[in-house]
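Numbering (full-length UniProt numbering), first residue to last: 1 to 197.
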């Protein structure tokens, strides 16, 4: 998986309570831990930064009767969509994140919490979710995302990985005498080009 260094920040969805937090963008997500009941009490995300494990802080309170950890098969599995609902838990209160669901390149996870209130969804077409931000206090008040474009491996990178071993295998098969003939042909070709100019 190769992700672009250029990131786009989207959201947040939810209410204005709690304090802002921002995990920033990384090169991928390894796992997400969600504590919930009738709303999302907390979220913590384990990131990847260029092959290194980066544990994120827990955002939200210590409540929640249920805790689920989603372990992605990183780097083959990556996060492609986040959806959920937000609304006040009590009448007249500030909206909080009531539910969250995640979709990866391989499967769906959730929903966790109570799917009540205003729905939101952010699917990423041709990209990958590489970070979270939001607001939290006793609960997860709001959630936002960092998104990066998913680039196919550049031809140069692929050739670089397999090219040297393939070249050595070919040279080994054709033997030293033919290698020398090939080199002489190349030298003669270069000499002719030089002579013409």
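Cβ atoms here follow ideal geometry from the backbone N, Cα and C, with glycine treated the same way.
Contacts around residue i, its chain only, beta-carbon distance under 7 Å, and the 5 residues preceding and following it disregarded
i          : result
residue 64 : 35, 36, 37, 41, 42
residue 27 : 3, 48, 49, 50, 130
C-alpha distance - residue i paired with residue j, whole-angstrom precision
i           : j           : result
residue 109 : residue 47  : 18 Å
residue 19  : residue 56  : 16 Å
residue 130 : residue 144 : 11 Å
residue 202 : residue 10  : Given a span of 1 to 197 for the chain in the structure shown, any question on residue 202 remains unanswerable.
residue 119 : residue 102 : 14 Å
residue 128 : residue 91  : 36 Å
residue 138 : residue 58  : 11 Å
residue 16  : residue 88  : 11 Å
DSSP-derived helix/strand/coil call for residue i
i           : result
residue 138 : coil
residue 61  : coil
residue 26  : coil
residue 88  : coil
residue 107 : coil
residue 115 : coil
Residue i burial status per 10 Å Cβ neighbour count (16 or more: buried)
i           : result
residue 52  : exposed
residue 141 : buried
Segment limits, beta strand (DSSP E) that includes residue i
i          : result
residue 74 : Where residue 74 is concerned, there is no enclosing beta strand (DSSP E), given that its DSSP letter is neither H nor E.
residue 39 : Segment: none, residue 39 is in no beta strand (DSSP E) and carries neither H nor E.
6 Å Cβ shell around residue i - same chain, five flanking residues per side excluded
i           : result
residue 203 : Summary: the structure shown does not reach residue 203, with the chain confined to residues 1 through 197, and so no result is reported for it.
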